[in-house]
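Each residue of the sequence shown is one higher than the last, beginning at 717 in this note's numbering. Ideal Cβ placement from N, Cα and C applies to all residues, glycine included. Remember, it's a predicted structure, so these values are computed and weren't measured experimentally. Everything below concerns the one structure shown next.
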Amino acid sequence: MTDTYEVVVVGGGAAGLSAALVLGRARRSVLVIDGGEPRNAPAAHMQGYLTRDGMSPAEFLAVGREEIARYGVELVRDLAVDVARDADGEFDVTLGGGRRVHGRRLVVATGLADELPAVPGVAERFGRDVLHCPYCHGWEVRDQAFGVLATTPMGVHQALMVSQWSKDVTLFLHTVAEEELTDDDLRRLAAAGVAVVPGEVAGLDVVEDRLTAVRLADGTAHERSVLFVAPRPVPRTGLLEQLGADLQETPFGSYAAVDPTGLTSVPGVWAAGNAIGFGEQVVNAASGGYRAGATINGELLFADLDAAVRV
Ligand SMILES: Cc1cc2nc3c(=O)[nH]c(=O)nc-3n(C[C@H](O)[C@H](O)[C@H](O)COP(=O)(O)OP(=O)(O)OC[C@H]3O[C@@H](n4cnc5c(N)ncnc54)[C@H](O)[C@@H]3O)c2cc1C
717 MTDTYEVVVV
727 GGGAAGLSAA
737 LVLGRARRSV
747 LVIDGGEPRN
757 APAAHMQGYL
767 TRDGMSPAEF
777 LAVGREEIAR
787 YGVELVRDLA
797 VDVARDADGE
807 FDVTLGGGRR
817 VHGRRLVVAT
827 GLADELPAVP
837 GVAERFGRDV
847 LHCPYCHGWE
857 VRDQAFGVLA
867 TTPMGVHQAL
877 MVSQWSKDVT
887 LFLHTVAEEE
897 LTDDDLRRLA
907 AAGVAVVPGE
917 VAGLDVVEDR
927 LTAVRLADGT
937 AHERSVLFVA
947 PRPVPRTGLL
957 EQLGADLQET
967 PFGSYAAVDP
977 TGLTSVPGVW
987 AAGNAIGFGE
997 QVVNAASGGY
1007 RAGATINGEL
1017 LFADLDAAVR
1027 V
């Protein structure tokens, strides 16, 4: 048996829950399918969301789930594993547990996964004292001894950015050769007071559950209490690809190509949050979900009115 909803939302992070909230309040029948792995789960605090600055990511989503439930939105903890567009331009979605649901419209808010550099200790400490985003964590670690792990020449940019939060920054070149740094890079690093250390990073020294040093392959240890890294973003675009949606390439991966409302190249399919771009922070993801939800409601309304006129 297949349950039918007006809108199926895949992904229950800030983007998906926001879309569901607007749609539920517009009296639409909505199912949210959520795998329960929001990107910021490793962090204890969520910063920069006006009125919610410092709230725990888990609490933020729990409140969001309570809010959508008030309007009759259903949420199921599962993965959408398969999707197909039928002859009427509507969607059949298969869940990992085997359930099949039907949606007249679809929101893809599946976010992205961060692939961390394969340095021992980095994954264990990610979101604590191994960080990627100064806007998310910079204030909390300001003025501490920062390291930046370069895995591409873009590490220079990250080192320059984080120098806004501490004047004690060391750039570890790790897998980047010194010759890959341009004269402009060297001039800017010098102007920002960033020290540059060549050589591969082999691991992290941790004492009483705190990062104390970055250790190079040659055995030397550099005292640092924070290490910035650049995870490789892996957008979760599998469902969009199944539907044949256009993706647009960026230096940070390929994301859904959307119009300003979040509509993808496939009629009836909207996308929001990190599914449409690397830089979508929580507040942007929520905003994009809201815009998609409101647009879908209007689009369904007029589609039904036009169909009634035609009859
Ligand atoms: C360590 C860390 C700290 C961060 N701190 C901040 C911060 O302080 N402030 C800030 O604004 N941003 C922060 N961010 C960025 C923030 O995580 C993202 O902006 C935000 O999570 C994007 O929301 P989203 O709804 O697009 O995706 P997500 O929150 O990642 O939610 C996507 C959801 O979709 C689910 N999903 C994926 N595929 C499927 C599928 N096939 N079927 C069903 N469900 C699926 C996932 O399980 C997940 O629950 C941080 C990121 C990291 C990594």
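Ligand 1 heavy atom lying under 6 Å from the CB of residue i
| i | result |
| --- | --- |
| Ala829 | no |
| Thr826 | yes |
| Glu753 | yes |
| Asn1013 | no |
| Val998 | yes |
| Ala893 | no |
| Gly814 | no |
| Gln958 | no |
| Leu795 | yes |
| Ala750 | Before going further, note that residue 750 is Asp rather than Ala in the sequence given. Yes. |
| Gln874 | no |
| Arg781 | no |
| Val726 | yes |
| Met771 | no |
| Pro833 | no |
| Arg926 | no |
| Gly729 | yes |
| Arg1007 | no |
| Arg768 | no |
| Ala946 | no |
Residues that DSSP places opposite residue i in a beta bridge
| i | result |
| --- | --- |
| Val985 | Leu822 |
| Ser970 | Glu965 |
| Arg940 | In the DSSP output, where bridge partners are listed per residue, Arg940 has none listed. |
| Thr886 | Gly863, Ala911 |
| Ile749 | Val726, Val792 |
| Phe842 | Val846 |
| Val923 | Arg926 |
| Ala800 | Asp808 |
| Val917 | Leu932 |
| Leu733 | According to DSSP, Leu733 bridges with nothing at all. |
| Arg816 | Thr718, Thr810 |
| Gly979 | One point to set straight first is that residue 979 is Leu, not Gly, in the sequence displayed. Trp986, per the DSSP bridge assignment. |
Range covered by the alpha helix (DSSP H) that runs through residue i
| i | result |
| --- | --- |
| Tyr765 | Premise fails: Tyr765 is in no alpha helix (DSSP H) and is neither H nor E. |
| Ile992 | Here Ile992 belongs to no alpha helix (DSSP H), and DSSP marks it neither H nor E. |
| Leu777 | 773 to 785 |
| Leu828 | Looking at the DSSP string, Leu828 is not in any alpha helix (DSSP H); the run it does join, the beta strand (DSSP E), is 828 to 831. |
| Leu955 | 954 to 958 |
| Arg948 | Premise fails: Arg948 lies in the beta strand (DSSP E), 948 to 951, not in any alpha helix (DSSP H). |
| Asp1022 | 998 to 1026 |
| Leu876 | 871 to 878 |
Option nearest residue i by Cα separation, candidates the options
| i | options | result |
| --- | --- | --- |
| Gly854 | Tyr971, Gln880, Glu965 | Gln880 |
| Tyr721 | Glu753, Arg940, Asp975, Ala736 | Ala736 |
| Leu979 | Ala1010, Gln958, Gly728 | Ala1010 |
| Asn756 | Thr810, Pro836, Ala829, His818 | Ala829 |
| Phe944 | Val779, Val864, Arg903 | Val864 |
| Gln964 | Pro983, Pro949, Gly984, Ile992 | Ile992 |
| Ser772 | Gly1004, Val998, Arg1007 | Val998 |
| Thr767 | Ala760, Phe776, Ala759 | Phe776 |
| Gln763 | Asp1022, Asn1000, Ala1008 | Asn1000 |
| Val817 | Val878, Leu747, Ser882 | Leu747 |
| Trp986 | Ala1002, Ala1008, Arg931 | Ala1008 |
| Asp901 | Met870, Val923, Phe888, Arg926 | Met870 |
| Gly995 | Thr966, Gly984, Asp1022 | Thr966 |
| His938 | Ala918, Glu924, Glu831, Pro951 | Ala918 |
| Ser734 | Arg801, Pro758, Val823 | Val823 |
| Ala742 | Ala731, Val923, Ala759, Val723 | Val723 |
| Ser981 | Gly805, Gly728, Pro947 | Gly805 |
| Val846 | Leu959, Pro758, Glu894 | Pro758 |
| His873 | Val910, Gly837, Arg801, Gly728 | Val910 |
| Ala1002 | Val738, Val1025, Asp719 | Val738 |
| Ala800 | Ala778, Tyr787, Arg821, Gly813 | Arg821 |
| Pro836 | Arg786, Arg931, Arg1026 | Arg931 |
| Val726 | Asp962, Ala778, Asp808, Met877 | Asp808 |
| His890 | Asp934, Val923, Val878 | Asp934 |
| Gln860 | Thr867, Pro850, Leu1017 | Pro850 |
| Leu927 | Phe862, Asp1022, Val797, Met877 | Phe862 |
| Val663 | Gln958, Leu956, Asp921, Arg948 | Shown here, the chain extends from 717 to 1027; a query on residue 663 therefore has no answer. |
| Thr867 | Leu876, Cys852, Phe888, Ser882 | Phe888 |
Run of the beta strand (DSSP E) containing residue i, from where it starts to where it stops
| i | result |
| --- | --- |
| Gly863 | 862 to 865 |
| Val726 | 718 to 726 |
| Asp808 | 807 to 811 |
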